[in-house]
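Comments concern the structure below.
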Amino acid sequence: SIQSLLENTKENVTVHILYDDTLSAKNRNLLRKLICNFNQDVLFYNVDELVPEKIERCWDIPSLKNDRHGVAIYYRLMIPGLFPPHVSRVIYLDADLIIHLDINEMWTMDLEGHPIAAIPEFSSGQREFTLKRFGPVVDGDVDFRDYFNAGVLLLNLSVLRKDREKIFEKIIKMPTYNDEVILNI
3 SIQSLLENTK ENVTVHILYD DTLSAKNRNL LRKLICNFNQ DVLFYNVDEL VPEKIERCWD
63 IPSLKNDRHG VAIYYRLMIP GLFPPHVSRV IYLDADLIIH LDINEMWTMD LEGHPIAAIP
123 EFSSGQREFT LKRFGPVVDG DVDFRDYFNA GVLLLNLSVL RKDREKIFEK IIKMPTYNDE
183 VILNI
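Following my numbering, the numbering of the sequence shown begins with 3 at its first residue and continues without gaps.
Following this line, the structure appears as structure tokens:
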């Protein structure tokens, strides 16, 4: 993901990497070397060290006990509290993406005061598949045509920082939902 991002983006980029103790120092150095080879900047955030109390509370969510992603699926929801105050917007990209375009067009998008810009879920036009896949759609919380994919987001941190504790409490109170569902509700 990072290599394809850097190969296709002409502007300067700072890559922010959220990680836990499963990302070894050796692999952090390999990532640093890759990013520096493109003359770009990288910052690492050890979420376990920066917000241990939130990580501990997340582990109390029953659905996480058997989830292959563990607490890491909630990292994107913690970005407003993790990143320095001078960072006012972030493009969040899942680690399993291949980027084919310059992300500058997304970066310069006017958010008009909205907290998030996102792309529709690829299956949003397929009502039957969507209704089977996503709980809140079945519950009627989100119209299937409005459901978005949380793997590519433009986050307005200035707005999200105002509600970051509310967002976190929503996570804790909705233990059967994943982070994508929480963002969609």
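Where is the CB? At the ideal position from N, CA and C, for every residue including glycine.
Alpha carbon to alpha carbon, how far is residue 93 from residue 155?
-> 6 angstroms
Residue 22 vs residue 50 beta-carbon contact at 9 angstroms | yes
Report yes or no: do the segment 71–84 and the segment 45–59 share at least 3 C-beta pairs separated by less than 8 angstroms?
-> yes
Please name the residue, chosen from 82, 5, 153, that lies closest to residue 122 on a Cα-to-Cα basis.
-> 153
Report buried or exposed for residue 111, applying the criterion of at least 16 other Cβ atoms within 10 angstroms of its Cβ.
-> Counting the other Cβ atoms within 10 Å of the Cβ of residue 111 gives fewer than 16, which makes it exposed.
In chain order, what residues of the same chain lie with their CB nearer than 6 angstroms to the CB of residue 7, ignoring the 5 residues before and after it?
-> Result list for residue 7: 101, in chain order.
Terminal residues of the continuous alpha helix (DSSP H) containing residue 76?
-> That residue, residue 76, is in no alpha helix (DSSP H); it is neither H nor E in DSSP.
Jot down the residue ranges of each uninterrupted beta strand (DSSP E) in the segment 28–72, minimum 3 residues, whole runs only, in chain order.
-> If only uninterrupted beta strand (DSSP E) runs of at least 3 residues are considered, those enclosed by the segment 28–72 are 43–48.
Below 8 angstroms on the Cβ atoms is my guess for residue 89 versus residue 159; work out the distance and round it to an integer in Å.
-> In this structure residue 89 touches residue 159 by the C-beta definition: roughly 6 angstroms separates them, less than 8 angstroms.
Can residue 33 and residue 4 be called in contact, C-beta distance under 9 angstroms?
-> Their beta carbons are under 9 angstroms apart, which means residue 33 touches residue 4 by this criterion.
List the whole-angstrom C-beta distance separating residue 82 from residue 30, where the pair is believed to meet the contact cut-off of C-beta under 8 angstroms.
-> About 23 angstroms; that fails the 8 angstroms criterion.
Around the C-beta of residue 99, are 16 or more other C-beta atoms found within 10 angstroms, so that it is buried, or is it exposed?
-> Classification for residue 99: exposed.
Among 107, 10, 96, nearest to residue 77 - alpha-carbon criterion = 96
Pull up the DSSP beta-bridge partners for residue 11, would you.
-> Per DSSP, none; premise fails for residue 11.
Residue nearest to residue 16 in terms of C-alpha spacing, selected from 86, 80, 28, 25 = 86
State the start and end residues of the unbroken beta strand (DSSP E) segment that holds residue 159.
-> Element bounds for residue 159: not the beta strand (DSSP E) but the alpha helix (DSSP H), 159–162.
Between residue 14 and residue 104, which are expected to be in contact by the criterion C-beta below 8 angstroms, what is the C-beta distance as a whole number of angstroms?
-> Wrong, their Cβ atoms sit about 12 angstroms apart, outside the cutoff.
Alpha carbon to alpha carbon, what distance is there between residue 48 and residue 120?
-> 26 angstroms
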